[in-house]
Each structure stands twice: as structure tokens, then as C-alpha cells.
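Q: Residue numbers (my numbering): 394 to 656. Think of the CB as a built atom: it goes at the ideal place given N, C-alpha and C, for glycine as much as any other residue.
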Amino acid sequence: MDRAEHRIAVEDGIKLVAMLRSCGFDVAGKIGLEIGTGWVPTIPIILWLCGAERLYLTDVARYLDQQTLNLARQNLRLHADLVEHELGIPRSVVEEKLSRATALSHFGFEYLAPIKWDALSSADIDYVISRAVLEHIPSRDIPKILVEISHVLKPGGLLANIIDNSDHFQHQDSSISRLNFLQFSDTTWGLICSLTDQQNRLRHSDYRKIFLSSGFQILYERRYVDPGTLSTLDQLKIQPKFRTYDREDLATLTSYFVLRKPA
């Protein structure tokens, strides 16, 4: 992660807290679960700073270690002013807490990698978060994961998601469109993903349907439609399967959802 990516991680962690708060939910004193923590646990530390009692961190493989934990601590120190401004936690408090917490156990974190759903069956999870994770899961597997989440989540518990709907290859190659991947057939795109990074290409409306069909209620729903991408959409040779979507749905590059498990 470069410096810009580190700041984006802090901003997204703040957004997740704000999304939950907008639904009347405070993470303070609550037990949470993060789907797909990755290498640098910046967002879990933000939740800890907000008073989260305990947080289960999960990945399909083990990425997080002491070095990346320290990197996350350093990142939060670097952006302590942003945390203070957006979350109301004084910079001095952020720095003091981070100076004392140096191990996963100090934060109340338990790292499950690979994830073991059975180990979470009695964890009393109040809320679940994911950031830039769902787009990497094959579409056929998302309902299965939502079933697992529903099993471990308390009745009335919340699931907050930030989803990056853009072509992730554009992150490294600015010469291509942020919707470049919509020009490939399923066969070609499947081959590309088998060699590199899985991206399911689902659009905002697809996630909405999956969430509702999985029995969750949508409490919060926002989307970011990129004006530049929208204006250049006609220049792309969009595959037939995507031509049934409206233009704003195609050009929605980020989706924000908070879901509720029925009580």
C-alpha cells in the first residue's frame, strides 16, 4: 500500500463507522467481525479506537503479521488529525492508545486465517464489516457467505459493506477505463481472473438483489456514480450481458450498504 492507499483505508474506516452510526448503531462495547482483513488492519484499529470490545479478523489465508500491524499503527498516527476531526477522538488519545497497544491481543483482536465459521458460532457477533472484499468473491459464492454471516450474527445485527465496483486493473494502469472489464466475455474474463485477481464484475443492483434474496433488510444504501466514467461509457464495447443495466448502474464505482439481520 502506498501513502494514498493508507489514507483511503483510514477514510473508509471512518465511513464504515459513520454508516453504522447513521443506522443508530455504535460499535462501542460491541463484538464485531471483519470479512477480509488483508495485510494492514487499519480499519479494525479505527473500530477499536471507537470503543469496540472485541473484533474477529478473518482472511482466506494468513496475511497479517506483527510488521503489518505496526504499519497500521503508524498509519493511524500519521492520520490522527483526520480521526480527531471526523470521529471526535483527540489526537493525544489516539497516540497514547497506539503507543500502549502493540500486539493483536492488546486490541482485543482474534485473527482467524483461514476463516473458521464453526469457531464463530458462539461468538455473539453484533456487527460485521467488509471493505473492498465482496467484489473479489465469485457471484455464486456470495449468497453462501451471507448464510454463514447470518448464522453467526445476532438477530437484529448489522452488516456494513463498502464495495469497489471498478476494474481493479485500472488502479495500476490509468490509461484504461474504470469499466474496462465490462468489454470482456465471461470466458475471457474468467481466464484473466484465473491468472491474476478475481473480480466478479457485479453491479450495484446485483448486490442489492443478492442481499434482499438472502433475507437481509437494507437500512442504508448509497452509491458513487463517477461522472467521467458515465460520460465515456459510449466509447466502450460493452458485452451484451451488461447492456440491460442502466447507465448509472454501470458507472457506479463504489457501493455502500448497511444490512440488518431480521430480529
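Give the C-beta separation of Thr-435 and Leu-450 to the nearest angstrom, bearing in mind that I take them to be a contact with Cβ-Cβ under 8 Å.
A: Against the sequence shown, residue 435 aligns to sequence position 42. Against the sequence shown, residue 450 aligns to sequence position 57. About 12 Å separates the two Cβ atoms, so there is no contact after all.
Q: I'd like to know whether the C-beta atoms of Leu-469 and Val-487 end up nearer to each other than 8 Å.
A: Counting from 1 along the sequence shown, the entry for residue 469 is found at position 76. Counting from 1 along the sequence shown, the entry for residue 487 is found at position 94. Contact flag set, yes.
Q: Let me know the secondary structure DSSP gives Ser-648 once reduced to three states.
A: As a working mapping, residue 648 is identified with position 255 in the sequence shown. DSSP places Ser-648 in strand when its eight states are reduced to three.
Q: Residues in its own chain within less than 7 Å of Ile-424 by CB, not counting five upstream and five downstream?
A: Residue 424 sits at position 31 when you count from the first residue of the sequence shown. Glu-446, Arg-447, Ala-516, Asp-517, Ile-518, Asp-519.
Q: Ignoring anything shorter than 4 residues, give me the alpha helix (DSSP H) runs that lie fully in the stretch 493-561, in order along the chain.
A: Qualifying alpha helix (DSSP H) stretches, in chain order: 535-545.
Q: Assign Glu-427 to buried or exposed, taking buried as 16 or more other Cβ atoms, counted over all protein chains shown, within 10 Å of its Cβ.
A: One-based indexing of the sequence shown puts residue 427 at position 34. Per the 10 Å Cβ criterion, buried.
Q: Can you pull the DSSP bridge partners for Gln-610?
A: Within the sequence shown, numbered from 1, the residue matching residue 610 stands at position 217. Answer by DSSP bridge pairing, in chain order: Arg-653.
Q: If you draw a straight line from the C-alpha of Ile-522 to the C-alpha of Leu-552, how long is it?
A: In the sequence shown, the residue the question calls residue 522 occupies position 129. In the sequence shown, the residue the question calls residue 552 occupies position 159. When rounded, the distance between both Cα atoms is 6 Å.
Q: Going by DSSP in three states, Arg-414 sits in which element: helix, strand or coil?
A: In the sequence shown, the residue the question calls residue 414 occupies position 21. In this structure, Arg-414 counts as helix in the three-state DSSP scheme.
Q: Establish whether the CB of Thr-430 and some CB of chain B are separated by less than 8 Å.
A: Protein chains in the displayed structure number just one, and chain B is not present.
Q: Out of Asp-642, Lys-630, Gln-632, Phe-577, which one is the CA nearest neighbour of Arg-616?
A: Here the question's residue 616 lines up with position 223 in the sequence shown. It is Asp-642.
Q: So what's Ala-445 in DSSP terms, helix, strand or just coil?
A: For this step, residue 445 is matched to residue 52 along the sequence shown. Looking at Ala-445 - three-state DSSP - the assignment turns out to be strand.
Q: Figure out for me which residue from Gly-481, Ile-603, Ala-494, Leu-480 has the closest Cα to the Cα of Leu-462.
A: Residue mapping note: residue 462 aligns to position 69 of the sequence shown, counting from 1. Nearest of Gly-481, Ile-603, Ala-494, Leu-480 to Leu-462, Cα basis: Ala-494.
Q: Between Glu-489, Ser-567, Gly-417, Arg-653, which has its C-alpha nearest Leu-539's C-alpha?
A: Within the sequence shown, residue 539 is the residue found at index 146, counting from 1. Of the listed residues, the one whose Cα sits closest to Leu-539 is Arg-653.
Q: On a Cα-Cα basis, can you pick out the residue from Thr-589, Ile-407, Glu-541, Ile-555 that is closest to Ala-525?
A: The sequence position of residue 525 within the sequence shown is 132, counting from 1. Checked all of Thr-589, Ile-407, Glu-541, Ile-555; the closest Cα to Ala-525 is Ile-555.
Q: Less than 6 Å between C-beta atoms, sequence neighbours within five positions excluded: which residues of the same chain meet that for Arg-466?
A: Sequence index remark: in the sequence shown, residue 466 carries index 73 (1-based). For Arg-466, where only same-chain residues beyond five positions count, the Cβ hits under 6 Å are Leu-491.
Q: Are the CB atoms of Arg-414 and His-472 nearer to each other than 8 Å?
A: The count along the sequence shown starts at 1 and reaches residue 414 at position 21. The count along the sequence shown starts at 1 and reaches residue 472 at position 79. No; because the gap between Cβ atoms is not below 8 Å, this pair is not in contact.
Q: Return helix, strand or coil for Val-476, following the three-state DSSP convention.
A: Translated into the one-based positions of the sequence shown, residue 476 becomes position 83. Here Val-476 sits in helix by DSSP.
Q: The ligand NAP and Phe-502: does the residue's C-beta get closer than 7 Å to at least one heavy atom of that ligand?
A: Judged by which ligands are present, the structure shown has none, so any question about the ligand NAP falls away.
Q: If you compare alpha carbons, which of Arg-484, Asn-558, Lys-630 is closest to Gln-591?
A: By 1-based counting over the sequence shown, the position of residue 591 is 198. When only C-alpha atoms are compared, the closest one is Asn-558.
Q: For the beta strand (DSSP E) that contains Leu-623, what are its first and last residues?
A: Counting from one through the sequence shown, the residue named residue 623 turns up at place 230. No beta strand (DSSP E) contains Leu-623, which is instead part of the alpha helix (DSSP H) from 620-624.
Q: Leu-646: which of Ser-598, Gln-628, Asp-627 sits nearest, CA to CA?
A: One-based indexing of the sequence shown puts residue 646 at position 253. The shortest Cα separation from Leu-646 among Ser-598, Gln-628, Asp-627 belongs to Ser-598.
Q: Quick check: the Cα distance between Lys-634 and Gln-565, rounded to an integer number of angstroms?
A: Locating residue 634 in the sequence shown gives position 241, where the first residue counts as 1. Locating residue 565 in the sequence shown gives position 172, where the first residue counts as 1. The alpha-carbon atoms of Lys-634 and Gln-565 are separated by roughly 26 Å.
Q: Relative to the alpha-carbon of Ile-530, which residue among Leu-457, Gln-563, Leu-595 has its alpha-carbon at the smallest distance?
A: Your numbering for residue 530 matches position 137 in the sequence shown. Considering only alpha carbons, the answer is Leu-595.
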